[in-house]
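Counting from 1, position 206 in the sequence shown corresponds to residue 347 in our numbering; the numbering is continuous, with no gaps. Some notes on the structure that comes next.
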Amino acid sequence: KENLVAPSTLKRLQVSPPFGSELAVVFAPLPRETVRAEDVLSVLRRFRTAPAGAQKVLWLEDWTAMAQGCLGANKQYIKSFYEILLFGLKGLAPDVMKDVRVCWQGEMILSGPSEYWISVINAGRALNLNDVREALPPGESLEQACQVFSTLMHIGDLLSFTEAKKVTFYSDAVHVANTKAGIKLAEGYDVKGMEVVTESAATLRLMAPGEGAEADVNVALTDKEVEVNKKVKKSFCMPENVEFNPPIAWVGELLHFKKEFLITRKPDNGGDKTYTDIQELQKDFQSGALHPGDLKPAFGKALNALLEPLREGLKGKELTKAQKDLEAFTKAQSKKK
142 KENLVAPSTL
152 KRLQVSPPFG
162 SELAVVFAPL
172 PRETVRAEDV
182 LSVLRRFRTA
192 PAGAQKVLWL
202 EDWTAMAQGC
212 LGANKQYIKS
222 FYEILLFGLK
232 GLAPDVMKDV
242 RVCWQGEMIL
252 SGPSEYWISV
262 INAGRALNLN
272 DVREALPPGE
282 SLEQACQVFS
292 TLMHIGDLLS
302 FTEAKKVTFY
312 SDAVHVANTK
322 AGIKLAEGYD
332 VKGMEVVTES
342 AATLRLMAPG
352 EGAEADVNVA
362 LTDKEVEVNK
372 KVKKSFCMPE
382 NVEFNPPIAW
392 VGELLHFKKE
402 FLITRKPDNG
412 GDKTYTDIQE
422 LQKDFQSGAL
432 HPGDLKPAFG
442 KALNALLEPL
452 REGLKGKELT
462 KAQKDLEAFT
472 KAQSKKK
């Protein structure tokens, strides 16, 4: 029993070069078959809210992804996912990403493996299974050992930032409970200045939860123009409904990149109109002054305009291989069904 008692001093990964005194940390999404444009925009949105002067850190959980069996726990496929993600981040917002320190979890662990794994073991001593359950993503139940292991690894990752005087974790829904568990553990060692800010943006899924195949209702960073148009055409967009309207949610995101959103329509339908404010667009849509038949084509055109500059870069040798890696995994999975 004495071996399960958490130690009285904090053991953590010593990062080199050390982080700054004030940090804005984002944990990247775990790998999946495609890099969703929504995930790229989520990371950028969180970094944009970081205070001026804070060092921005993007943490890529490649070893956690292997532990959880993401993409078949294939190291190359996981690397390919993150390479495409990074390309999208830097391509869409070079101004945001130019000061971001990108940390590959595996590389960071190997820089101090003994310190890191001791911190993970100590987290396991401090937490019980109920703590782990509460640290899981919303709606996820504890069924596999890998969930315990990845929860403790996340805390080990978080503890590597405790040298800073102020750390803000800008979290998505997947990481928020686990991050709070890590902060609570760190505070038990008198670590101060850590907080988590939860993202509350609307989902950019093009249909309601449970409807449609995931590949058809999420915009992928690698989608070609014809694929985007097909998805936009099928997107949910009920007249006068602004409570759940994916095209409007998307326009709100697109206005971060281009400050104007143009609706092109015939004079009999109200003529062309340019929006610079999402609230004004919502008001017009709710009143019926803006119809889905005019909103959807404009949305599709603006979305393709956002992705078009990336398409040429995605044809490069390394990124082409990365896309083929993810396609190979998807194809192999479909054969198992």
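Even glycine gets a Cβ: it sits at the ideal position worked out from N, Cα and C.
Asked	Found
Hey, which unbroken runs of the alpha helix (DSSP H) at 4 residues or more fall wholly within the stretch 268-321?	270-276, 286-300
Among the residues of its own chain, which have a CB less than 6 Å from the CB of residue 299, if the five just before and after it don't count?	323
Which residues does DSSP pair with residue 335 in a beta bridge?	308
Report the rounded CA-to-CA distance for residue 236 versus residue 454, giving the unit in angstroms.	18 Å
Using three-state DSSP, classify residue 244 as helix, strand or coil.	strand
Helix, strand or coil for residue 415, going by three-state DSSP, please let me know.	strand
Can you list the alpha helix (DSSP H) stretches of 4 or more residues lying completely in the stretch 334-395, in chain order?	355-358, 366-375, 387-395
Would you mind stating whether residue 253 and residue 203 have Cβ atoms separated by less than 8 Å?	no
Please name the residue or residues paired with residue 196 in a DSSP beta bridge.	164
Under 8 Å by Cβ, that's how I've got residue 338 and residue 363 pegged, so tell me the actual separation to the nearest angstrom.	Contact flag wrong, Cβ pair sits at about 30 Å.
Pull up the CB-CB distance for residue 441 and residue 373, whole angstroms please, since I reckon it's below 8 Å.	4 Å
Can you say whether residue 407 is buried or exposed, counting buried as having 16 or more other CB atoms within 10 angstroms of its CB?	exposed
Near residue 317, what residues of its chain come up, given a Cβ to Cβ distance below 7 Å and the 5 sequence neighbours on each side ignored?	337, 339
Expressed to the nearest angstrom, what Euclidean distance is found between the alpha-carbon atoms of residue 193 and residue 327?	25 Å
Can the beta-carbon of residue 176 be found closer than 8 Å to that of residue 213?	no
Could you work out which residue in 302, 389, 330 is closest to residue 444 when comparing CA atoms only?	389
Taking 8 Å as the threshold, find out whether the stretch 219-233 comes into contact with the stretch 462-474 through three or more Cβ pairs.	yes
Out of 367, 434, 421, 174, which one is the CA nearest neighbour of residue 393?	421
Under 7 Å Cβ to Cβ from residue 400, same chain only, skipping five residues before and after it: list those, please.	417
Rounded to whole angstroms, what is the Cα-Cα separation between residue 185 and residue 241?	11 Å
Measuring straight from C-alpha to C-alpha, what distance separates residue 191 and residue 163?	10 Å
Quick one: Cα of residue 476 to Cα of residue 174, how far?	15 Å
Per DSSP, what kind of secondary structure is residue 189 in: helix, strand or coil?	helix
Within the continuous alpha helix (DSSP H) that includes residue 171, where are the two ends?	Per DSSP, residue 171 belongs to no alpha helix (DSSP H) and is neither H nor E.
Helix, strand or coil for residue 470 per DSSP?	helix
Going by C-alpha to C-alpha distance, which of 321, 200, 356, 167 sits closest to residue 249?	200
Could you tell me which residues DSSP pairs with residue 482 in its beta bridges?	There is no way to answer for residue 482, as the model of the chain reaches only from 142 to 478.
Below 8 Å CB to CB, which residues in the same chain sit around residue 161 once its five sequence neighbours on both sides are set aside?	195, 196, 305
Work out the CA separation of residue 450 and residue 460 for me, nearest whole Å.	14 Å
To which residues of the same chain is residue 168 closer than 6 Å at the C-beta, ignoring the five residues directly before and after it?	200, 316
Under 8 Å between the Cβ atoms of residue 198 and residue 244?	yes
Answer yes or no: the CB of residue 276 versus the heavy atoms of the ligand PLP, is any distance below 7 Å?	For the ligand PLP, the structure offers nothing, since it holds no ligand at all.
To the nearest angstrom, report how far apart residue 189 and residue 314 are at their CA atoms.	18 Å
Can you tell me whether DSSP reads residue 233 as helix, strand or coil?	helix
Spatial neighbours of residue 446 within its chain, please: CB distance less than 8 Å, with the 5 preceding and 5 following residues excluded, ordered by chain position.	399
Closest to residue 341 by CA distance: which of 356, 410, 152, 187 is it?	187
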